[in-house]
Every structure is written in structure tokens, then in C-alpha cells.
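Reading through the C-alpha cells given below for one structure.
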Amino acid sequence: MTDRVTCSIDAGVADVRLNRPDKLNALDPAMFAALDAMGERLKAEKGLRVVVLSGEGRGFCAGLDFGSFQAMAGGERLGEDIPEGNAGLVKEGRITHVGQQVSWVWQELPVPVIAAVHGVALGGGIQIALGADIRIVAPDVKMSVLEIRWGLVPDMTGTVTLSRLVRPDVAKELAMTGRMVDGEEAVRIGLATRVSATPHEDAMGLARSIAASSPGAVRGVKHLLDHARLATVAEQFAEERRVIGSLVGSPDQREAVAAYFEQRPPRFAD
Numbered sequence: 195m196t197d198r199v200t201c202s203i204d205a206g207v208a209d210v211r212l213n214r215p216d217k218l219n220a221l222d223p224a225m226f227a228a229l230d231a232m233g234e235r236l237k238a239e240k241g242l243r244v245v246v247l248s249g250e251g252r253g254f255c256a257g258l259d260f261g262s263f264q265a266m267a268g269g270e271r272l273g274e275d276i277p278e279g280n281a282g283l284v285k286e287g288r289i290t291h292v293g294q295q296v297s298w299v300w301q302e303l304p305v306p307v308i309a310a311v312h313g314v315a316l317g318g319g320i321q322i323a324l325g326a327d328i329r330i331v332a333p334d335v336k337m338s339v340l341e342i343r344w345g346l347v348p349d350m351t352g353t354v355t356l357s358r359l360v361r362p363d364v365a366k367e368l369a370m371t372g373r374m375v376d377g378e379e380a381v382r383i384g385l386a387t388r389v390s391a392t393p394h395e396d397a398m399g400l401a402r403s404i405a406a407s408s409p410g411a412v413r414g415v416k417h418l419l420d421h422a423r424l425a426t427v428a429e430q431f432a433e434e435r436r437v438i439g440s441l442v443g444s445p446d447q448r449e450a451v452a453a454y455f456e457q458r459p460p461r462f463a464d
């Protein structure tokens, strides 16, 4: 069996791909385990600057595979056969169980994550995409918060990420109907960042552009903008002071200034 998730890293850009193309990258126990493991690996990856997340084959991710739904219909609990433990178990030091972690880990990474979405992103698939910082989607993509079809609610952190991206009434309509959204509408309502006929190619281009910037500053931007959603105004101002204080005069910051005035590409250290 091929690896459920593959990763290649070049010049600080990780190209991570869901790799079950014969099943539209549907989420089975092995896929959950592989995504969880990949997230932990990338947290420890030295020199990492940007992650691009995509799916092999005809789509990004079709959500839970039918075998999982059939098992639930028979009264079984999802994820009990996931390697390394039950999907519903919250491991020490986490705020998620495995099913949630495969979406949330992209938020936990200190570097930006760009999702390149084509074909379908349904149910758990859209929730994984919503965990990224930026989403570049194909015009004909089909995105849906599809859990209502199966008598369920979005439970892979989607209630948090969805409500941060779209208006509350839009979030409720999407989750209560499970209707399909194409690329243009996804951008219009806030589910996606921009449309591209070649989402993976454009995501990689954007990743290389971001990777050329000061890694400390890029990580600081992600941290501060995420922190702002949870903090009071006073707490956010204090955190701004802390982060900018850690950057001003640092080797990378001095290099950014020197490279600009010397009209040459910067040479940042990781």
C-alpha cells in the first residue's frame, strides 16, 4: 500500500499531498493516522518555511469514506481501529482528538499553510482545507459542509474555522443544508482566498514567494493574526510589542534591510 500522505521539501517549501487518489483521498483510519503523523513531523522539521497541502488525483478530499459511514450506521464508533489509538481520544498536551487534529494541526504549525483545492472538498475534506491559512481553489471545485446529509454536525474543528471565515448566518446555512459551493462563490463568501485554474501550481508559486521573506517575520505575522482572534485588545497590543521586539535588530531583520538597500536577494538563516 502506498503512503496515505506524501511529502517532499525543497528550499523550505513542503509539498504535502493526500495520496489515496482511487478513493478521492477519502478519510479512512490509515489516512487519519498519516495526517496526524505528518503534522507532528512538520512541527519538528528544521528549515521549514511554508507548507502546500493538496490532494493527488481528481480531488482534494471527499471526506469520510463510505466504509466509515456504513460502520456508524451499524452502531460502531468511528476511529477505534485508527493506529496509535482511538480517534476520539484527546492525547495529553492536545486540545483535539485525532479526527480534529488532522484539520487543526495546520493552525498549530508556526509556518503558513496554503491549501490547493481542486475537484471536491466535502465534509471532513473541507474542514481540513479550512484549517489552512490560505486556500487557492479551482473554479469548478465542489465544496460542502456535508455532514448534515449523514445526520451529523461538522466535528473536525469546522465549527471554529468555518465561523471565523464566513458570517454566522452563512455558516449556519452551509452546515444546515450541505449544499455545494463552487470556486467563485467560495471566494465571494470567504471560504477561499482566490480562484485559480491551476491551484497547485499557483500555491507553490505563492509558497516560494513567501519562503523568500524573513522566516521570523512570516511566523510572526501568522502568530499575531491568529492571536488577535482570541485576545483582548490590550493583550494583542502587548503581544505585538513582544513579537516586534524579538524581530528588531535580529540577524534576519538586519539582512532584510541590507538586501533591500544593496539591491540583492536576501540570505536568511533558518
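Taking this note's numbering, the leading residue of the sequence shown gets 195, the next gets one more, and so forth. Glycine residues also receive a C-beta, built at the ideal position from the N, C-alpha and C atoms.
| task | Please name the residue, chosen from ARG413, VAL331, ALA432, that lies closest to VAL389 on a Cα-to-Cα basis. | result | Mapped onto the sequence shown, residue 389 falls at position 195. The shortest Cα separation from VAL389 among ARG413, VAL331, ALA432 belongs to VAL331.
| task | Pull up the CB-CB distance for ASP363 and PRO409, whole angstroms please, since I reckon it's below 8 Å. | result | Locating residue 363 in the sequence shown gives position 169, where the first residue counts as 1. Locating residue 409 in the sequence shown gives position 215, where the first residue counts as 1. Rounded, the Cβ-Cβ distance is 39 Å, inconsistent with contact.
| request: Could you tell me which residues DSSP puts in a beta bridge with THR200? | output: Reading the sequence shown from its first residue, position 6 is the one you call residue 200. According to DSSP, which records beta bridges pairwise, THR200 is partnered with ARG211.
| Residue of ILE383, CYS201, GLY293, PRO306 minimising C-alpha distance to ALA224 | In the sequence shown, the residue the question calls residue 224 occupies position 30. The option with the nearest alpha carbon to ALA224 is GLY293.
| Of the residues ASP396, GLU302, VAL314, LYS336, which one's Cα is nearest the Cα of THR355? | Taking the sequence shown and counting its residues from 1, one reaches residue 355 at position 161. Checked all of ASP396, GLU302, VAL314, LYS336; the closest Cα to THR355 is GLU302.
| request: List the DSSP bridge partners of LEU400. | output: Counting from 1 along the sequence shown, the entry for residue 400 is found at position 206. The partner list for LEU400 (beta bridge, DSSP) is empty, contrary to what the question assumes.
| Assigned secondary structure, HIS394 (DSSP; H/G/I helix, E/B strand, else coil) | Residue mapping note: residue 394 aligns to position 200 of the sequence shown, counting from 1. Looking at HIS394 - three-state DSSP - the assignment turns out to be helix.
| said: Using 8 Å for Cβ pairs, my map puts THR290 next to THR351. What's the rounded Cβ distance? | reply: In the sequence shown, counting from the first residue as 1, residue 290 sits at position 96. In the sequence shown, counting from the first residue as 1, residue 351 sits at position 157. That belief holds up - the Cβ atoms of THR290 and THR351 are roughly 7 Å apart, short of 8 Å.
| task | For GLU378, verify whether its CB is less than 7 Å away from any heavy atom of the ligand SAM. | result | Within the structure as shown, the ligand SAM is missing, as the structure has no ligands at all.
| message | Taking 8 Å as the threshold (C-beta atoms), are ILE308 and ALA401 in contact? | response | Translated into positions along the sequence shown, residue 401 becomes position 207. Translated into positions along the sequence shown, residue 308 becomes position 114. The answer is yes: Cβ separation under 8 Å.
| task | Determine the closest residue to GLN295 out of HIS312, VAL314, LEU242, ASP349, with distance taken between C-alpha atoms. | result | In the sequence shown, the residue the question calls residue 295 occupies position 101. The shortest Cα separation from GLN295 among HIS312, VAL314, LEU242, ASP349 belongs to ASP349.
| query | How would you call VAL442, buried or exposed, if buried means at least 16 neighbouring beta carbons within 10 angstroms? | reply | Taking the sequence shown and counting its residues from 1, one reaches residue 442 at position 248. Flag for VAL442 reads exposed.
| field | Cβ neighbour criterion (16 or more within 10 Å) applied to LYS501 | value | No answer is possible for residue 501: the residues shown for the chain start at 195 and end at 464.
| query | Looking at C-alpha atoms only, which residue of ASP197, VAL207, SER202 is the closest neighbour of VAL464? | reply | The residue given as residue 464 occupies position 270 in the sequence shown. Correcting the residue type first, residue 464 is Asp in the shown sequence and not Val. Taking only the C-alpha atoms, the option nearest ASP464 is VAL207.
| said: Using only CA atoms, which one of ARG211, LEU316, ARG235 lies nearest to ALA310? | reply: In the sequence shown, residue 310 corresponds to position 116, counting from 1. Selected option, being the one with the closest Cα: ARG211.
| task | Can you tell me which of GLY372, ASP396, LEU368 puts its alpha carbon nearest to the alpha carbon of GLY384? | result | Here residue 384 corresponds to residue number 190 of the sequence shown, with the count starting at 1. Nearest of GLY372, ASP396, LEU368 to GLY384, Cα basis: LEU368.
| field | Sub-8 Å separation of GLY317 and LEU258 beta-carbons | value | Taking the first residue of the sequence shown as position 1, residue 317 is located at position 123. Taking the first residue of the sequence shown as position 1, residue 258 is located at position 64. Yes, they are a contact pair.
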